[in-house]
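2 protein chains.
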Amino acid sequence: MSSEKYENELYDLAELFKMFGDSTRIKVLFELCESELAVCDLAERLNMTQSAISHQLKILKQSKLVKSRREGKSIIYSVADEHVRSIIALGMEHIEE
Amino acid sequence: MSSEKYENELYDLAELFKMFGDSTRIKVLFELCESELAVCDLAERLNMTQSAISHQLKILKQSKLVKSRREGKSIIYSVADEHVRSIIALGMEHIEE
DNA sequence: TTAACATATGAATAGTTGCTCATATGTTAA
DNA sequence: TTAACATATGAGCAACTATTCATATGTTAA
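The listed protein sequences correspond, in order, to chains D and E. When the first sequence is numbered by the working numbering, its final residue is 97 and no position is left out of the sequence of numbers. When the second sequence is numbered by the working numbering, its final residue is 197 and no position is left out of the sequence of numbers.
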């Protein structure tokens with residue numbers, strides 16, 4: 001039984017896709033694929049509260065899908081891994097059918 | 101704001117990745133990528149109840165990621181879309197780093 | 001038809017999760 | 001230092017979801 005052999009990998013894989021499996025998070029990732037953004041700008045673009053976005057960014061950062069740096073009063077977030085773009089692109093291919 | 105333009109696509113995309121974002125479902129998909137299987141065989145391989153697997157298969161079928169056919173007393177499930185394989189493969193690439 | 005096997009399904013439950021609200025932390029300009 | 005701005009975070013709640021249990025549906029062989 002192959003999935004038993006890959007037990008841990010498949011668990012991690014589910015955790016990875018879970019990150020893309022929420023409307024808010026995938027919107028955040030999608031925006032960050034186009035340009036790096038501060039938390040308040042993300043919140044404004046997605047029409048959500050700063051708190052909600054900040055909570056999701058924390059989860060995305062823990063999963064190492066986004067990274068951040070301070071710039072004055074703001075924290076600028078950006079995509080941490082090129083795989084984010086390719087995973088979203090591949091998913092889009094599937095949707096558009 | 102780009103994500104607003106793609107509002108519906110991103111919602112569907114999240115729904116797609118949600119399917120891959122559960123340990124049980126991704127194990128099922130992974131097994132089915134290797135060979136088509138009856139429900140009871142899947143349940144045995146994953147060491148889970150027939151009911152639990154059946155419930156998840158229903159969800160996967162609604163999402164059009166798996167298909168099924170009857171063969172005697174059994175229902176044989178298989179992957180419905182080649183994208184399933186490529187999405188899992190791409191995710192695996194990300195994990196193995 | 002009946003028994004045995006295979007699958008599907010509805011209800012109930014326990015666990016998870018995303019958001020809100022309030023507030024803390026950190027930065028900058030006056 | 002103080003006020004204004006930007007972000008992070010913990011607690012609480014409401015909504016969602018994966019599993020279990022019991023049972024219904026469907027198929028085959030005797």
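Idealized CB from N, CA, C, for every residue including glycine. Every value quoted in this text rests on a predicted model; they were computed, and no experiment measured them.
query	result
Pair within 8 Å by beta-carbon distance, M119(E) and S163(E)	yes
Residue ranges of each beta strand (DSSP E) within the stretch 6-85 of chain D, 3 or longer	66-71 and 74-79
C-beta neighbour in chain D for R239(E), strict 8 Å	Because chain E in this structure spans residues 101 to 197, residue 239(E) falls outside the shown range and cannot be described.
Touching by the beta-carbon criterion (3+ pairs, under 8 Å), the stretch 38-46 of chain D and the stretch 67-84 of chain D	yes
Inter-residue CB distance, S102(E) and E34(D) (contact presumed, cutoff 8 Å)	6 Å
Local Cβ density within 10 Å of H94(D), reported as buried at 16 or more and exposed below that	buried
C-beta neighbour in chain D for I195(E), strict 8 Å	yes
Under the three-state DSSP convention, the category E104(E) falls into	helix
Per-residue burial, E131(E) [other beta carbons within 10 Å of its own, 16 or more giving buried]	buried
For R125(E) and L160(E), believed in contact at Cβ under 8 Å, the rounded distance	6 Å
Chain E contact for E34(D) (CB, 8 Å cutoff)	yes
Reference M148(E), options I187(E), R170(E) and S123(E), closest by Cα	S123(E)
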